[in-house]
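Participant:
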Amino acid sequence: METRELRYFIAVAEELHFGRAAQRLGIAQPPLSRAIRQLERRLGVTLLERTSRTCALTEAGSVLLVEGRAALDAVDAADRRTRRAALAETGHPGLALATKAGATSELLSKLLDAYAAEPGAVTVDVLLCGIGEQERLLRDGRADVALLHRPFDSTAGFDTEELLTEEQVAVLPAGHALTGRAHLRMADLTALPGLPMPRWPAPDGTYPDGPGPQARDTAQLYQLIALGRACAVLPESCRAHLRRDLAAVPVLDAPAVTTVIAWPPHSRSRALAGLVRAATRL
1 METRELRYFI AVAEELHFGR AAQRLGIAQP PLSRAIRQLE RRLGVTLLER TSRTCALTEA
61 GSVLLVEGRA ALDAVDAADR RTRRAALAET GHPGLALATK AGATSELLSK LLDAYAAEPG
121 AVTVDVLLCG IGEQERLLRD GRADVALLHR PFDSTAGFDT EELLTEEQVA VLPAGHALTG
181 RAHLRMADLT ALPGLPMPRW PAPDGTYPDG PGPQARDTAQ LYQLIALGRA CAVLPESCRA
241 HLRRDLAAVP VLDAPAVTTV IAWPPHSRSR ALAGLVRAAT RL
């Protein structure tokens, strides 16, 4: 398969309309239809069920939509990493590190200081991300390395080193009745009237259904909690940055959170290797 064919198919599969897909791609509709028919002949399967009025994905088409997106992401990632490697060869080395804004800031600060003291250290550009974005930046090649948090972020397909494991706390409005407790359990929070858990965006940017407010990042979340619109369960290190109008209470049965440094397994960057070594020594 050619990447051009995949891009054409994905546009049609997402729009489920050849006219809109052609407009989105900036091409005429007839060559788009021919390209999809050629792709189906090459694969020996039907990808789209078409009538004069409707267009729907077959089971095979649904599989190719998922696999095709992953394949194009890999191609784009290869493009970005190749260009970054070329910059390093021409005397402009650097690393892009993705991390969730407001998370593990003390660990990150120590890591950057430790790496800067290494012989041959290069500039590290820190990409501050919203919830869950750092994994996507690492997968698509915009980041060389990332700080991820299990069990919330997937580390599948990456090489990793564990850096820190911590318990979680419930973040509540200061003065709330539960802030006087020594500890809580998850059941105490799920039964809490008026303070639902927030809804975080999925990788495609959509929000799941539910009663809680939508939240994009930690700063927005803290504002929602302070206003009495939500509560949240976060790693214990968040205590260092809590506002005065918020309070934290340990949650005994919340899963522990492990911060890992993650990078593509095929990376051959000496600068990245030095950063990982500095991280594991901390």
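Each residue of the sequence shown is one higher than the last, beginning at 1 in full-length UniProt numbering.
Note that CB positions come from ideal geometry on N, CA and C, so glycine has one too.
A quick note: this is a predicted structure, and the numbers were derived from the prediction, not measured.
1. With DSSP as the reference, label residue 149 as helix, strand or coil.
2. Where does residue 231 fall in DSSP's three states?
3. If you measure between the beta carbons of residue 174 and residue 137, is that distance less than 8 Å?
4. Would you kindly work out how many angstroms separate the C-alpha atoms of residue 183 and residue 46, rounded to a whole number?
5. Could you have a look at residue 82 and say whether DSSP puts it in helix, strand or coil?
6. Return the first residue and the last residue of the beta strand (DSSP E) that residue 225 is part of.
7. Identify every residue that forms a DSSP beta bridge with residue 50.
8. So within the region 111 to 173, which uninterrupted alpha helix (DSSP H) runs reach at least 4 residues, ignoring any that extend past its ends?
9. Do you know how far the Cα of residue 128 is from the Cα of residue 198?
10. To the nearest angstrom, how far is the alpha carbon of residue 200 from that of residue 134?
11. Can you pull the DSSP bridge partners for residue 95?
12. Could you check how far apart the C-beta atoms of residue 225 and residue 171 are, in whole angstroms? I think they sit under 8 Å.
13. In three-state DSSP terms, what is residue 281?
14. Quick check: the Cα distance between residue 260 and residue 266, rounded to an integer number of angstroms?
15. Skipping 5 residues on each side, what residues in its chain have a beta carbon closer than 6 Å to that of residue 159?
16. Check for me: the beta strand (DSSP E) holding residue 260 runs from which residue to which?
17. Helix or strand or just coil, what does DSSP make of residue 247?
18. To which residues does DSSP link residue 195 through a beta bridge?
19. Report yes or no: do three or more beta-carbon pairs, one from the region 138 to 151 and one from the region 69 to 78, lie closer than 8 Å?
20. What are the start and end residues of the alpha helix (DSSP H) that includes residue 22?
21. So is residue 256 buried or exposed if we call it buried at 16+ other beta carbons inside 10 Å?
22. In chain order, what residues of the same chain have a beta carbon less than 6 Å from the beta carbon of residue 149, not counting five sequence neighbours either side?
23. Just checking my contact of residue 95 with residue 144 at CB under 8 Å: how many whole Å lie between their CB atoms?
24. Once DSSP output is grouped into helix, strand and coil, what is the label at residue 275?
25. Report the rounded CA-to-CA distance for residue 244 versus residue 251, giving the unit in angstroms.
26. I'd like to check one pair, residue 179 with residue 249: are the Cβ atoms closer than 8 Å?
27. Have a look at 38, 19, 42, 68 and flag the residue whose alpha-carbon is nearest the alpha-carbon of residue 53.
28. Answer with buried or exposed for residue 21, where buried requires no fewer than 16 other C-beta atoms within 10 angstroms of its C-beta.
29. Output needed for residue 63: all residues of its chain with C-beta closer than 8 Å, excluding positions within five of it in sequence on either side, in chain order.
30. To the nearest angstrom, how far is it from the Cα of residue 51 to the Cα of residue 40?
Facilitator: On the basis of the coordinates in this document:
1. strand
2. coil
3. no
4. 57 Å
5. helix
6. Run containing residue 225: none in the beta strand (DSSP E); it sits in the alpha helix (DSSP H), 218 to 226.
7. 55
8. 133 to 139
9. 20 Å
10. 14 Å
11. 124
12. 6 Å
13. helix
14. 18 Å
15. 263, 265
16. 257 to 263
17. strand
18. BP columns for residue 195 are empty, so no partner.
19. yes
20. 18 to 25
21. exposed
22. 257, 259
23. 5 Å
24. helix
25. 20 Å
26. yes
27. 19
28. buried
29. none
30. 16 Å
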